[in-house]
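S.K.: Counting with this note's numbering, you get residues 2 to 68 for the letters of the sequence shown.
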Amino acid sequence: MSSVIKRPTKRVAKQRLTLGALHDEILQLRQRIEDLEDLREMNQAIDRNGAKPLVPWSKAKKELGLV
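1. Mapping DSSP to helix, strand and coil, what is Ile6?
2. Hey, Lys62 and Val68 are a contact pair by Cβ (cut 8 Å); roughly how many whole angstroms apart?
3. Could you give the DSSP three-state label for Leu55: helix, strand or coil?
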């Protein structure tokens, strides 16, 4: 007796590829890439500033003119 569990295969209905659908998919992929690039930059900044003391939120708001 086999201990391998087979997953049922998904049947995907063939969809007609339209220019509009392709455009939407490309826009979503571009947004995802931008989000990943932003995350990478943020992680690099965190690494660079690792040992530096943090700025209190109240001071940051004051310096940015948000108070």
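Glycine included, C-beta positions come from ideal geometry on N, C-alpha and C.
M.R.: Put simply:
1. Coil at Ile6, not helix or strand.
2. Correct: roughly 5 Å between the Cβ atoms.
3. Residue state, collapsed to three classes: coil.
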